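Only one structure is covered here, and it is reproduced in the block below.
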Amino acid sequence: MARRVRIHRSTRFVSAFLAGWLGLELLHSKGSPKHVQDVTIETPHGPVTKQIRLAGRTIDLTFFAVTRALDIVINDIWSRRKKRLGLAGNKAKLEMLISKLADPLIFSSSCTLIMFAWLYTPDRLPRAYNNWIKSAAAVDMRLLQLLRQFRDGTLEYGTEKPDPNTLKEMCKDYKWPIQWSDHVKTIPVPCHVIHLKDGHNCEYHAIARLVRSFFWALKTYLPLNLILVARNPSIKTMKRAIKSAIRSSAFLGTFIALFFYGICLARSRIGPYVLGTSTESRQRIEAGINIGGGCLLCGWSVLVENPSRRRELGLFVAPRAMATIMPRTYSLKNQWKETLAFSLSTAVVFTAVTEKPNRVRGLLGKILQVVLVT
């Protein structure tokens, strides 16, 4: 019996692997103008420019598949470990705490990478996702430019450099003192600049951000949730839809508020007491520690959501976080590695859903159950 199960499992795995490999190869067969690079080659007749194809057209799909496969494998290892050890007492409570914090930790760590990339290397994120974050943040793009200039060394405290005029323009537009743009005399730039129109108080700015972002999100979530229950409306489903919209809006508002408040904590509330208030310390804070504070803090807003939603959000952002630390385009000769990763991941997911459907978590698991099992 056990041998027959292993044979069936192996057959499913190999079938899914081959299907994944052939399917991705089919997608790779179609070229894309975005994945072409001009290369200058020296010849006896002088330099010649040629176009070479690059791989990476399906990289987001591969990251998605790899993330789902890792989720299945890690959860399976964790479940088997718990059964094998049979923990009780304090150890069991610790295991339960780790299990509860796993999804928020995945979301938080993923958001740390995503938000850091959004501010400093936005080209590492998909364009649509990048634009959505811009809309949600509702921030003057000159502020982002200013923060980037401190990181790349264009601006330095205590040093006169060619002024890019970013902060001078903002001082004029927001009616701030013009001396704030003098990085030799004004060290550090006041947090008022980060707050834009919300005054000098960091806590007030965080609350104002939360309220504005909450209502911005509610305009989207509430109509969408009501449409979803419009087919079979009842007082109970309407209440659930409204409650869900309010919770999701509160989550997004908290996310944005914590991101900006984390920046303030790092640059004015906590950072100077830990790293010092010298010009060099202030420069280090502005060069990335301030943004790091916001990135580390914002993801924990997911605790506002219910546990099942935390899981969905964690699995949604994890592939995008992976994309920030991996190249989006690469040499065509290495394309087989991506195909192998996608095929193995697809085989893991499809095999898991046919054997134990509940091992594939979230909405994807429900869809695959309908397609592959029923």
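For reference, each letter of the sequence shown is one residue, going -29 to -1, 1 to 345 in mature numbering (1 follows the signal peptide of the UniProt record, and there is no 0). C-beta atoms are modelled at their ideal positions from N, C-alpha and C, and glycine is treated no differently. Just so it is clear, the structure is predicted and the values come from calculations on it, not from any experiment.
Check whether the Cβ atoms of residue i and residue j sit closer than 8 Å, and answer yes or no.
i: Val37; j: Ser316; result: yes
i: Leu246; j: Ser252; result: yes
i: Val44; j: Val319; result: yes
i: Tyr232; j: Cys173; result: yes
i: Ala258; j: Arg113; result: no
i: Cys266; j: Met67; result: no
i: Ile158; j: Cys235; result: no
i: Tyr192; j: Ser219; result: yes
i: Val324; j: Gln340; result: yes
i: Lys156; j: Ile149; result: no
i: Ile52; j: Ala109; result: Here residue 52 is Arg; the residue named in the question, Ile, does not match the sequence. No, the Cβ-Cβ distance between Arg52 and Ala109 is not below 8 Å.
i: Ala126; j: His163; result: Reading the sequence as shown, one finds Leu at residue 126 and not Ala. Taking 8 Å as the Cβ cut-off, Leu126 and His163 do not qualify as a contacting pair.
i: Gly224; j: Phe287; result: no
i: Ile296; j: Leu84; result: yes
i: Asp42; j: Arg281; result: no
i: Thr250; j: Gly124; result: no
i: Ala228; j: Leu181; result: yes
i: Leu117; j: Tyr145; result: no
i: Glu326; j: Arg(-27); result: no
Give me whichever residues DSSP pairs with residue i in a beta bridge.
i: Ser302; result: Leu25
Measure from the C-beta of residue i to each C-beta in chain D and report whether the shortest distance is under 8 Å.
i: Ala36; result: The displayed structure is made up of one protein chain only, and chain D is not part of it.
At what residues does the alpha helix (DSSP H) containing residue i begin and finish?
i: Gln254; result: Thr250 to Arg255
i: Met293; result: Pro278 to Ile296
i: Lys139; result: Thr137 to Tyr145
i: Asn329; result: Counting along the chain, Asn329 falls outside any alpha helix (DSSP H), and DSSP gives it neither H nor E.
i: Ser239; result: Ser239 -> no alpha helix (DSSP H), and no H or E assigned at all.
i: Lys156; result: Taken as a continuous stretch (DSSP letters only), Lys156 belongs to no alpha helix (DSSP H), as it is neither H nor E.
i: Gln116; result: Met112 to Asp123
i: Lys105; result: Arg98 to Ala108
i: Lys1; result: Here Lys1 belongs to no alpha helix (DSSP H), and DSSP marks it neither H nor E.
i: Arg180; result: Cys173 to Leu199
i: Val164; result: Cys162 to His166
i: Asn261; result: Asn261 to Cys269
Whose C-alpha, out of the options, is nearest the C-alpha of residue i?
i: Asn46; options: Tyr301, Phe35, Ala73 and Ala294; result: Ala73
i: Thr92; options: Gly270, Ile158, Gln120 and Asp111; result: Gln120
i: Phe35; options: Arg291, Val341 and Gln340; result: Arg291
i: Leu284; options: Phe222, Arg(-27) and Arg202; result: Phe222
i: Thr300; options: Arg(-21), Ser(-20), Arg95 and Ala88; result: Arg95
i: Ser302; options: Arg(-27), Arg28, Leu197 and Asn101; result: Arg28
i: Asp31; options: Arg98, Thr(-19), Ile256 and Lys1; result: Arg98
i: Leu(-4); options: Thr310, Val341, Val342 and Ile338; result: Thr310
i: Asn39; options: Lys64, Leu343, Thr325 and Phe313; result: Residue identity differs from the one stated: residue 39 is Arg in this sequence, not Asn. Selected option, being the one with the closest Cα: Phe313.
i: Ile256; options: Ala237, Ser272 and Gly(-10); result: Ala237
i: Ala177; options: Phe230, Asp144 and Thr295; result: Phe230
i: Arg48; options: Arg330, His171, Trp103 and Ile338; result: At residue 48 the sequence reads Ile, which differs from the Arg that was named. Cα-wise, what sits closest to Ile48 is Arg330.
i: Ala294; options: Lys214, Trp89 and Ile198; result: Trp89
i: Thr322; options: Arg(-26), Arg(-24) and Ala(-14); result: Ala(-14)
i: Ser80; options: Leu343, Val273, Asn102 and Asn277; result: Val273
i: Trp271; options: Gly124, Pro75 and Pro161; result: Pro75
i: Leu197; options: Ala188, Ser215, Arg180 and Leu181; result: Ser215
i: Gly263; options: Cys82, His(-2), Ile(-23) and Ser(-20); result: Cys82
i: Leu268; options: Gly336, Arg(-26), Phe78 and Arg(-18); result: Phe78
i: Ile104; options: Gly(-10), Leu335, Glu326 and Ala188; result: Ala188
i: residue 374; options: Ala212, Tyr244, Lys207 and Gln254; result: The structure shown does not extend to residue 374, since the chain is modelled only from -29 to 345, so the question has no answer here.
i: Pro298; options: Thr33, Lys1, Arg(-18) and Gly(-7); result: Thr33
i: Leu(-6); options: Asn203, Ile217 and Lys308; result: Lys308
i: Lys304; options: His(-2), Lys190 and Thr(-19); result: His(-2)
i: Leu115; options: Leu335, Gly170, Asn261 and Asp169; result: Asn261
Tell me whether residue i, by its Cβ, gets closer than 7 Å to a heavy atom of the ligand NAD.
i: Gln116; result: As for the ligand NAD, it is missing from this structure, which has no ligand bound.
Report the start-end ranges of each beta strand (DSSP E) in the segment 208 to 232 that is 3 residues or longer and not cut off at the edges. none
Run through the segment 60 to 90 for me and flag every whole alpha helix (DSSP H) of 4 or more residues, listed as ranges in chain order. none
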